[in-house]
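Below: the structure, in structure tokens.
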Amino acid sequence: MKYRIVLASGSPRRKEILTGIGASYDVIVSDCDESTAVTEPAELVKELSKRKAEAVAKDLKGPVIVIGADTVVAYNGSILGKPKDRTDAKRMISMLADDVHQVYTGVSLIIKEETGESRVITFAECSEVSVDSMTDRQMEEYLDTKEGEDKAGSYAVQGIFAVHIKEIRGDYFNIVGLPVAAIYKKLYENGIDLKSGEKL
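Start counting the sequence shown at 4; every next residue gets the next number (the working numbering).
In structure tokens form, the structure reads like this:
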């Protein structure tokens, strides 16, 4: 038996990661409400990933696996969202420079069977990112690229900002937005191969 794999995200980076492992999948972007009172990073990303997956899964019949994901950058326990403007972006980059911060991605896997039964697997992965010290000129040059304007924490680890990354502890793909090794492992433990969608 083969499961249809659906990514509940329009993120080009998440799509690249799934495509990179040879997975065959469809994209259905979730339109769920993302407002929440949760402030603890790991709990927040788990809650939002589940909402995204559920919003897409409710209209689908099995056998299908829906993958919902949500990523945040956290510094000293506080969540850094997308910058409001250049001043806000510089504030974030100044905080992250010459220090260590965390990137959390929450994942929810909704596995729906042909019988109508479904199960939900929700987890969060955390990676630590160490950023080099940066001069004011380096910060301004980076802000000029506008790369981080729509990114949590005002930067993209896989982009121009890579020259300022000193060290990563944990899964690199988790920082990009999809901890694919953890997803593969969770599904394999549940008798499904993420790469092929086949039941083991």
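We put the CB at the ideal spot given by N, CA and C, even for glycine.
Cβ distance (whole Å) where H167 is taken to contact D135 below 8 Å: Rounded, the Cβ-Cβ distance is 5 Å, consistent with contact.
CB contact flag (V160, Y145, <9 Å): The answer is no: Cβ separation not under 9 Å.
Close-in-space but distant-in-sequence residues of the same chain around I20 (CB under 7 Å, 5 per side omitted): Excluding positions up to five away in sequence, the list reads F176, V179, L181, V183.
Cα-Cα separation between M95 and E120, rounded to whole angstroms: Roughly 44 Å between the two C-alpha positions.
Buried versus exposed call for K149 [16 or more other C-beta atoms within 10 Å across all chains shown]: By the neighbour-count rule (16 or more Cβ atoms within 10 Å), K149 is not buried but exposed.
Bridge partner(s) assigned by DSSP for E131: Answer is Q105, R172.
Assigned secondary structure, K64 (DSSP; H/G/I helix, E/B strand, else coil): In the structure shown, K64 falls within a coil segment according to DSSP collapsed to helix, strand and coil.
Contained alpha helix (DSSP H) runs [length at least 4] in the segment 27–64, N- to C-terminal order: Listed in chain order, they are 44–60.
Three-state secondary structure assigned by DSSP to E192: Three-state result, E192: helix.
C-alpha gap between L83 and R122, whole angstroms: Using only the alpha carbons, I get a separation of about 31 Å.
A92 and A58 closer than 9 Å at C-beta: Taking 9 Å as the Cβ cut-off, A92 and A58 do not qualify as a contacting pair.
Between the CA atoms of L47 and V41 - distance to the nearest angstrom: V41 and L47: Cα-Cα distance of roughly 6 Å.
Cutoff 9 Å: E46 Cβ touching any chain C Cβ: In the structure shown, chain C cannot be found, because there is only a single protein chain.
Pairwise C-alpha distance: A26 and K205: The structure shown does not extend to residue 205, since the chain is modelled only from 4 through 203, so no value can be given for it.
When K64, G162, M98 are compared against N79, the one with the closest alpha-carbon: With distances taken between Cα atoms, N79 lies closest to M98.
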